[in-house]
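Protein sequence lines, in the order shown, are assigned to chains D and P.
Quick note: to get my numbering, add 9 to the position in the first sequence (first position is 1).
Quick note: to get my numbering, add 9 to the position in the second sequence (first position is 1).
Ideal Cβ positions, reconstructed from N, Cα and C, are used throughout, including at glycine.
Worksheet: one structure, shown below.
Number of protein chains: 2
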Amino acid sequence: MGTALLTDLYELTMAQSFLEHGKTGTAVFSIFARTLPDERNFLVAGGLDMLINQLEMFRFTREDIVYLESLAIFSDDFLSYLKEYRFAGTLSAIPEGCIVFQNEPLVQIEGPLPEIQILETLALNCIHFGTLVASKAARIIAVSRGRNVVEFGFRRSHMPDAGIAAARAAYIAGFSGTSNLEAGKRFGIPVVGTMAHSYVMLFTTEEEAFRAYQSSFPDRGLYLIDTYDTLACTETIIRLAREGVPVTGIRIDSGDLADLAVKVRGRFDRAGLPHIKIFVSSNVDEYSIDRWLAGGIPIDSFGVGTHFITSSDAPYLDMVYKLVEYEGGPRFKTSPGKTTFPYRRQVVRHYKDGAMDYDEVIRMEGHEEGGLVEPYLRAGRLVKPLPAVDDIRKRCAQELMSLPERFRTLAKQEYCVRVQQ
Amino acid sequence: MGTALLTDLYELTMAQSFLEHGKTGTAVFSIFARTLPDERNFLVAGGLDMLINQLEMFRFTREDIVYLESLAIFSDDFLSYLKEYRFAGTLSAIPEGCIVFQNEPLVQIEGPLPEIQILETLALNCIHFGTLVASKAARIIAVSRGRNVVEFGFRRSHMPDAGIAAARAAYIAGFSGTSNLEAGKRFGIPVVGTMAHSYVMLFTTEEEAFRAYQSSFPDRGLYLIDTYDTLACTETIIRLAREGVPVTGIRIDSGDLADLAVKVRGRFDRAGLPHIKIFVSSNVDEYSIDRWLAGGIPIDSFGVGTHFITSSDAPYLDMVYKLVEYEGGPRFKTSPGKTTFPYRRQVVRHYKDGAMDYDEVIRMEGHEEGGLVEPYLRAGRLVKPLPAVDDIRKRCAQELMSLPERFRTLAKQEYCVRVQQ
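Set out below in structure tokens:
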């Protein structure tokens, strides 16, 4: 299967015109966020694995060519060029799991101009979404004060592929697992989940449902208690636990979650069952988590779904793929609010007392080593294996630790990024 | 390729337990929006084609089974059941392109309980996203007063599949085309696009860039004029047009779009070039379109991207997949704010002077015909061919025409939906 039609028409019209007018010199395009949303103090680099995988399949299939021919826009020479197209350029990037800010080049692609112009749409698509969800996930983790957070959003992702990529990003950022089985299979992420309301509704009583579940899965002792009346069901759970049914936790998925958590915790504690964990879900996001934990609400685990997987408070980033260099010379535009900085770039991060202090975005020449930007592809091939998901997760945890504490809150902070002119 | 792991773990744990406890009777699940976002006066049904396509491939592959076995959660009997799984149930739905409201069953799936429990995640995923973007697109069309609107969002969709589905939804709702080539190929949608800033930047002057483009594509006379200075470039365009270069339109992609449109229109008109169309893009959404057109700003075409494709003002819907019937009896839950209505349902729409007046959601029994809900699958097979995209588009246009005018504005309106108890 080819991925080369995952692009906008104008990438191809431009490429044909570049070829016809001898604009085939070496160009560099850079992907970066021009600004951060008000709702983000930092971003986490993501999407690179997806981009590299898609680039490997970036071919115009015979069907694609037939389709393009049918548009009666392109020349025969250009269609022949597309038939032979293979990405054979250079790609450098800031590794996945790194914290990044405005104007920092997440990915830089270098190659003959027409060849890399064509990649714009797909490259931006992958890096934009990967970074969007990794950043949202890290923001949630940043306020979760070590509590357990799991990813439940698959049903409301913008199509299945987004759900799979988001589950991976969540795990990288520090979520402990996902409900998403395809993501579990593909990336080796722990999978979690127990029962929905429909399960409970199928039995005459909640007790009958829980006993049935217990007989099917003796090792899985988490029960959903809000199908009818959460507090009445809490008493049922207490009775079962006292009878020796192993109960590890309960989930509350509706109502005033904080109020119910306090009441349920109180009842369990008074019943001598302090080990039963309280798990909440239903419209949970970093705003509710932060408010609840700041208020001492006794919640042990959060199931985060819709708000994470759609990045609902900031559903897109102001991220672009911009020409910065052509035949060794600078390229930039001066459109209002859309000014770009020319040349290949390196990012140097400065620390103070072990915490990130400020970043410099400098010209790459002479600074290939020692900055955040690393080489990934040369002549279209990987220069080193891509890191394993667990290694990216470790790196992300270290990055979050070295972020100054005020950035790990929901109050807006501006990190200092100095761009060398 | 199988799509059956596009699901949450708990769907499978529930299904195993249902099988073990004899809960294999006929069940009905219904997909509906519990409420509409404040930013939506109506929804447009979408996603059905995707769901039906995915259901056809809903198989647990050998690899999937190996993965599930490795989790050490499931019984051998259940894994054997999954190996043989084929969806063989009944599916009824409100056709794509229809206007729908809260509590109206977009899709109802009937079959043995474990078989249809397993479909929850994928079914919701497809219908939720399809409806989300069709609704956003129709809202944009509703305020565009017949102007031309094209879809430009592919680079910021939540992964490529969402971009393809969204381009289709946009066309159904009335957009005239998309930049997305894969969507063009797959669905026969008109594709549009000309050049980006990078193209203009590659030439010494804008004039040189435009002449080069013109020589490559003599029939495509739309030029991007904001790379450096929009008004200076307007003069260049006027000079070229007077020389006989065919200019059909210009695109402005930065700055104060309304102010520039007025100035550029004025210059073209004074230069005797009233036929040159003004096309604007960059952060365009229904709010800016409505404001500009209400203010008489002379814009002919809108390129809508990010805000459409992420449905940025309402990036998700409160949509659920709920058990409503089991073995012929009602099922409903009473969780606060999550009350559901039991039984299979039909939707009857009432009109007044040719415009939609109110809807009734009644029990299906005895009302199989004459309502919005139609049969699609029986014993897992299509009962009729799915409609062509152009037919869905026509239907959607008719639906928008019969929506009372106050719903075709951005001011919040509540449509009356009476749910029979």
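Residue i at chain D interface by Cβ criterion, 7 Å
i	result
Gly202 of chain P	yes
Glu191 of chain P	yes
Phe311 of chain P	no
Phe67 of chain P	no
Arg340 of chain P	yes
Leu18 of chain P	yes
Ser188 of chain P	yes
Phe163 of chain P	yes
The alpha helix (DSSP H) enclosing residue i, as first and last residue numbers
i	result
Pro169 of chain P	Pro169 to Ala182
Glu252 of chain P	Looking at the DSSP string, Glu252 of chain P is not in any alpha helix (DSSP H), and its letter there is neither H nor E.
Leu435 of chain D	In the structure displayed, chain D extends from 10 to 430; residue 435 of chain D sits before or after that span and is not available.
Leu15 of chain D	Unbroken run through Leu15 of chain D: none, as it is neither H nor E.
Lys32 of chain D	Per DSSP, Lys32 of chain D belongs to no alpha helix (DSSP H) and is neither H nor E.
Ser185 of chain P	First-last for Ser185 of chain P: undefined, no H or E at that position.
Arg220 of chain D	Glu215 to Ser225
Phe163 of chain D	Per DSSP, Phe163 of chain D belongs to no alpha helix (DSSP H) and is neither H nor E.
Glu191 of chain P	Leu190 to Phe196
Chain D residues whose Cβ lies nearer than 8 Å to that of residue i
i	result
Gly172 of chain P	Leu15 and Asn134
Ala221 of chain P	Ser26, Glu29 and His30
Ile82 of chain P	Phe226 and Arg229
Leu100 of chain P	Under the 8 Å cutoff, chain D gives no residues; its nearest Cβ is about 17 Å from Leu100 of chain P.
Leu122 of chain P	Leu211
Ser166 of chain P	Asn134, Phe138 and His167
Met23 of chain P	Met204, Ala205, Ser207 and Tyr208
Any C-beta of chain P under 7 Å from that of residue i
i	result
Lys32 of chain D	yes
Pro114 of chain D	no
Phe138 of chain D	yes
Arg71 of chain D	no
Proximal chain P residues relative to residue i, where beta-carbon distance stays under 7 Å
i	result
Thr315 of chain D	Tyr325
Thr319 of chain D	Pro324 and Tyr325
Tyr335 of chain D	Leu211
Thr130 of chain D	Phe163 and Arg164
Partners in chain D for residue i, counting only beta-carbon separations shorter than 7 Å
i	result
Gln126 of chain P	Ser207
Tyr76 of chain P	Lys194
Within chain A, partners of residue i - CB distance below 7 Å
i	result
Leu332 of chain D	Protein chains in the displayed structure are D and P, and chain A is not among them.
Supposed close pair residue i, residue j - CB separation, criterion 8 Å
i	j	result
Phe311 of chain D	Ser153 of chain D	7 Å
Thr33 of chain P	Pro123 of chain P	6 Å
Pro121 of chain D	Thr35 of chain D	6 Å
Tyr385 of chain P	Thr315 of chain D	So it is not a contact: roughly 27 Å between Cβ atoms.
Glu105 of chain P	Gly55 of chain P	6 Å
Phe161 of chain D	Val313 of chain D	6 Å
His206 of chain D	Thr236 of chain D	5 Å
Opening and closing residue of the beta strand (DSSP E) in which residue i lies
i	result
Val209 of chain D	Counting along the chain, Val209 of chain D falls outside any beta strand (DSSP E), though it belongs to the alpha helix (DSSP H) covering His206 to Met210.
Glu160 of chain P	Asn157 to Glu160
Arg260 of chain P	Gly258 to Ile261
Gln237 of chain P	In the sequence as presented, Gln is not what sits at residue 237 of chain P; that position holds Tyr. Where Tyr237 of chain P is concerned, there is no enclosing beta strand (DSSP E), given that its DSSP letter is neither H nor E.
Please go through the stretch 280-330 of chain P and give each complete beta strand (DSSP E) segment of 3 or more residues, from N-terminal end onward. Residue ranges of uninterrupted beta strand (DSSP E) with 3 or more members, entirely inside the stretch 280-330 of chain P and ordered along the chain, are 286-289 and 310-313.
Where are the beta strand (DSSP E) runs, 3 residues long or more, that stay fully inside the stretch 45-125 of chain D, in chain order? List check, beta strand (DSSP E) in window: 99-102 and 116-121.
Restricting to runs no shorter than 3 residues, where is the beta strand (DSSP E) found entirely within the stretch 342-430 of chain P? Runs of the beta strand (DSSP E) spanning 3 or more residues and lying entirely within the stretch 342-430 of chain P occur at 354-361, 364-372, 383-387 and 426-428, in chain order.
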